[in-house]
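Notes to accompany the following structure.
Protein chains: 2
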Amino acid sequence: MHGAGRIKIVDVASEAGVSVTTVSHVLSGRRPVSATTRARVEDVIQRLGYQADPSARGLRTQRTRTLGLVVPDITNPFNTAIAAGMQEIALAHEYLTVVCEAPMDGPHLPAVIRQLVARRIDGIVVGRYGATRQDLEGIVASGAKLVRLGGPLAPGLGDVVRAAETEGMYDLVSHLVGRGYRRIAYIGGAPGVEPGEERFAGYRKALEAAGLPVHQELVAWTSFTREGGRTGATAVLNATEPPDAVVCANDLIAIGALDTARAAELRVPEGVAITGYDDIEAASLVSPALTTVLNPAREIGRSAAQLLLDRLEGESSGPAREIVLAHRLVPRESA
Amino acid sequence: MHGAGRIKIVDVASEAGVSVTTVSHVLSGRRPVSATTRARVEDVIQRLGYQADPSARGLRTQRTRTLGLVVPDITNPFNTAIAAGMQEIALAHEYLTVVCEAPMDGPHLPAVIRQLVARRIDGIVVGRYGATRQDLEGIVASGAKLVRLGGPLAPGLGDVVRAAETEGMYDLVSHLVGRGYRRIAYIGGAPGVEPGEERFAGYRKALEAAGLPVHQELVAWTSFTREGGRTGATAVLNATEPPDAVVCANDLIAIGALDTARAAELRVPEGVAITGYDDIEAASLVSPALTTVLNPAREIGRSAAQLLLDRLEGESSGPAREIVLAHRLVPRESA
DNA sequence: CGCGTTCTCCAAATCGTTTTGCATAACCTG
DNA sequence: CAGGTTATGCAAAACGATTTGGAGAACGCG
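These protein sequence lines are chains A and B, in that order. First residue of the first sequence: 1, per the numbering used here; consecutive thereafter. First residue of the second sequence: 336, per the numbering used here; consecutive thereafter.
This is the structure in structure tokens:
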């Protein structure tokens with residue numbers, strides 16, 4: 001008759017003939033309990049299906065056993081892959097994961113962070129973002145652990161997980177150079193936003209290493225969207241001396257660039273090569289299939305969650321850490 | 336020096352020169368408070384940036400102000416759109432949304448539900464699923480509010496939100512008939528899983544209304560994946576008398592069918608028409624762009640959250656409700 | 001056999017809210 | 001102005017767990 005989930009620690013204690021203290025100790029293992037008592041208590045817990053009330057526990061411990069992920073766009077497959085990776089690790093440690101969307105337009109980020117901090121979320125992962133130092137410091141000051149996805153490692157701003165973006169773009173552009181392309185254009189997202197900067201750096205380094213110049217008129221900055229790709233491609237393809245390849249900062253931009261090329265009756269890759277970055281699902285669905293770089297999103301999520309859990313369950317402080325994950329070139333038809 | 340988020344209700348009370356009871360009352364409005372006192376308290380709350388501790392509040396009220404969404408695959412854009420819709424509504428009411436993945440392979444669903452129930456989540460949305468009656472009853476018995484996405488309205492199993500799937504497929508197939516197609520094949524996902532059943536029903540009704548027979552060899556059941564689409568299409572296209580159109584239960588299946596058609600050197604839509612369902616982003620990115628039906632996923636999420644909040648904040652019980660959302664045919668190149 | 005350790009376990013305080021039962025002050029009404 | 005309402009605010013008891021200071025029993029040592 002007593003519904004599931006309603007039994008309390010005191011019920012377990014009386015059923016097992018011990019005090020609530022003892023039950024708590026077998027649960028947490030913070031003090032020794034004799035083997036026979038422990039066995040009896042665990043049996044009762046099992047039989048009654050006892051589960052500690054998270055609010056009561058949270059009130060006492062000041063922990064919520066919850067991890068948060070903040071991303072600019074929750075429907076972006078790259079971001080959901082990160083979320084999936086986090087959940088995989090978190091669930092195994094009985095942590096919950098909440099993912100929050102904070103669009104780039106308007107001051108959504110501070111509000112979302114306030115929400116998360118007010119909720120006493122234990123650890124927060126801030127996704128690829130133009131987050132200000134102030135935003136991030138607010139998280140750290142609240143006592144929550146912080147992991148950033150990308151950006152430089154800085155003291156007092158949590159740990160960092162990132163893909164080897166610069167190296168990935170370097171390899172991609174070198175790949176193009178190796179296949180004979182010489183006038184290689186670049187379409188970036190919003191300038192100054194982190195992953196864009198690093199990818200652009202890889203582009204420049206690769207050209208430099210090949211002894212090729214960076215033409216200012218072959219570089220366009222727009223936004224990380226399909227529409228951005230269309231306008232960016234229009235700009236670089238109309239240069240006085242057009243490019244033979246267009247490197248895009250992500251797959252959505254590249255798909256937009258494909259639109260523009262198709263509209264201009266330019267064959268890909270014969271007329272112009274086009275490449276993306278991230279390897280989202282659509283990259284292999286469009287035609288021609290995009291040459292791109294695999295962004296190990298799920299693995300990024302796993303690493304970020306693991307970093308947070310280490311800080312939470314193991315040594316709380318210590319020097320800031322950085323995890324860099326390997327990229328992988330995915331050659332397909334568009335180059 | 337006192338960091339943000341650390342101030343308690345007693346601090347607010349003493350700063351404002353009132354008791355904690357009064358502060359609580361201005362917060363909840365459950366008892367009248369004089370205008371001048373209220374103003375003073377609200378000012379102090381503002382100035383100090385007070386935010387009630389959710390664990391303490393949850394312990395007392397037995398509410399977590401959290402909504403949950405359970406889906407088979409968190410990276411499916413359809414599901415993330417639902418999540419985004421839920422979050423939009425939930426956040427406005429200061430509720431958090433957590434989305435949990437419970438893959439169809441293996442007994443993940445009961446475990447995830449247990450987790451959510453143990454966490455005292457206030458309301459749970461169970462996505463398109465082969466959920467058993469037992470799973471759902473467990474949720475209701477725990478006291479959490481339940482909304483199902485699809486399936487028949489049944490007493491004691493919460494409210495239902497669904498798209499008009501049968502009608503949507505009916506319109507789509509009727510559209511094909513109107514354009515002259517006569518041998519129309521169908522590729523479904525796993526048989527018995529809800530959205531598939533309803534879509535198949537729409538397919539049959541439309542053929543029936545047009546006086547066309549349902550050929551057993553033109554119906555294939557696989558899985559809701561691109562790979563499923565490939566195998567399903569191989570089956571129906573190799574029928575003794577091949578179809579002139581292939582209707583797929585969702586977009587991923589349709590994209591897989593496009594693969595098969597391309598491999599068989601069949602032009603689409605000249606050789607065979609292919610249609611999808613859901614209108615995921617990739618549907619407009621592939622070539623030829625898919626004729627499909629817009630599944631109002633975001634709106635579904637919004638409605639589900641609203642339903643939950645109504646139960647939570649308004650009248651708790653009452654007859655089970657069902658919300659049916661309109662579909663919309665999206666004609667593109669593939670038919 | 002007395003005394004100090006080490007094992008076990010318990011009672012009670014605590015975390016920060018909400019909510020109920022009263023006390024007091026203020027206000028009408030006749 | 002007495003008597004009864006209504007407004008206003010307070011003190012104290014929950015909510016269900018964790019954690020600390022000890023109590024009693026068992027054990028070893030001199």
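Don't be surprised by glycine CBs; every beta carbon is placed ideally from N, CA and C. Here the structure is a predicted model, which means the values were calculated and not measured.
Classify residue i as buried or exposed, calling it buried when 16 or more other Cβ atoms lie within 10 Å of its own Cβ.
i: B:Ser477; result: buried
i: B:Thr371; result: exposed
i: B:Gly338; result: Model confidence at B:Gly338 stands at a pLDDT of 43, short of 50, so the residue's coordinates are unreliable and nothing is read from them.
i: B:Lys343; result: exposed
i: B:Gly465; result: exposed
i: B:Asp440; result: exposed
i: B:Val528; result: buried
i: A:Arg262; result: exposed
i: B:Met336; result: Unreliable placement is indicated for B:Met336, whose pLDDT of 36 sits below 50; the coordinate value is still reported in the next sentence. That one is exposed.
i: B:Ser369; result: exposed
i: B:Arg365; result: exposed
i: A:Asp53; result: buried
i: B:Pro412; result: buried
i: B:Ala351; result: buried
i: A:Ser19; result: exposed
i: A:Val23; result: buried
i: B:Ala374; result: exposed
i: B:Ala670; result: buried
Do residue i and residue j have their C-beta atoms within less than 8 Å of each other?
i: B:Leu484; j: B:Val461; result: yes
i: B:Cys583; j: B:Thr626; result: no
i: A:Gly123; j: A:Arg302; result: no
i: B:Glu668; j: B:Pro623; result: yes
i: A:Ile253; j: A:Gly189; result: yes
i: B:Met421; j: B:Ala639; result: yes
i: A:Ala245; j: A:Tyr181; result: yes
i: A:Val286; j: B:Leu620; result: yes
i: A:Val293; j: A:Val268; result: no
i: B:Glu502; j: B:His662; result: yes
i: B:Val508; j: B:Ala479; result: no
i: B:Leu642; j: B:Val512; result: no
i: B:Thr399; j: B:Ile456; result: yes
i: B:Ala391; j: A:Leu59; result: yes
i: A:Glu42; j: A:Asp159; result: no
i: A:Tyr277; j: A:Arg204; result: no
i: A:Gly211; j: A:Ala220; result: no
For chain B, check one thing: does any of its Cβ atoms lie closer than 8 Å to the Cβ of residue i?
i: A:Thr80; result: yes
i: A:Asp105; result: no
i: A:Arg120; result: yes
i: A:Gly189; result: no
i: A:Leu7; result: According to the sequence displayed, residue 7 of chain A carries Ile and not Leu. Chain B contact via Cβ: absent.
i: A:Ala326; result: no
i: A:Gln46; result: no
i: A:Glu101; result: yes
Any C-beta of chain A sitting closer than 8 Å to the C-beta of residue i?
i: B:Glu500; result: no
i: B:Asp614; result: no
i: B:Pro412; result: yes
i: B:Ser638; result: no
i: B:Pro389; result: yes
i: B:Ala339; result: At B:Ala339 the pLDDT is 45, less than 50, meaning the model places this residue with poor confidence; the figure from the coordinates comes in the next sentence. Chain A, which has a Cβ nearer than 8 Å to the Cβ of B:Ala339, makes this yes.
i: B:Met336; result: Confidence is the limiting factor: at B:Met336 the pLDDT is only 36, short of 50, which leaves the residue's position unreliable, though a coordinate-based value still follows. No, its Cβ sits nowhere closer than 8 Å to a Cβ of chain A.
Tell me which same chain residues have a C-beta within less than 8 Å of the C-beta of residue i, skipping the five on either side of it?
i: A:Pro243; result: Arg183, Ile184, Ala185, Leu218, Val236, Leu237, Val272
i: B:Glu562; result: Gly591
Near residue i, what residues of its chain come up, given a Cβ to Cβ distance below 7 Å and the 5 sequence neighbours on each side ignored?
i: B:Val434; result: Leu404, Val406, Ile409, Ala418
i: A:Ala282; result: Asp251, Ile255
i: A:Ile45; result: Val12
i: B:Asp470; result: Leu444, Pro445, Ile448
i: B:Val659; result: Arg497, Ala499
i: B:Ala574; result: Glu552, Leu553
i: A:Val26; result: Val33, Arg38, Val41, Glu42
Which same chain residues end up closer than 6 Å to residue i when comparing Cβ atoms and leaving out the 5 residues on each side of it in sequence?
i: B:Ala437; result: Val405, His443, Leu444, Val447
i: A:Arg230; result: Gly256, Asp259, Thr260
- beta strand (DSSP E) runs contained entirely in the region 415-476 of chain B, provided each spans 3 or more residues: 431-436, 458-461
- Counting only runs of 3+ residues fully inside the region 230-301 of chain A, write out the beta strand (DSSP E) ranges in chain order. 245-248, 273-275, 292-294
- For the region 342-410 of chain B, list the beta strand (DSSP E) runs that are entirely contained and at least 3 residues long, ordered along the chain. 401-406
- Task: Would you list, in sequence order, the uninterrupted alpha helix (DSSP H) runs of no fewer than 4 residues that lie entirely inside the region 142-187 of chain A?
- Result: 165-178
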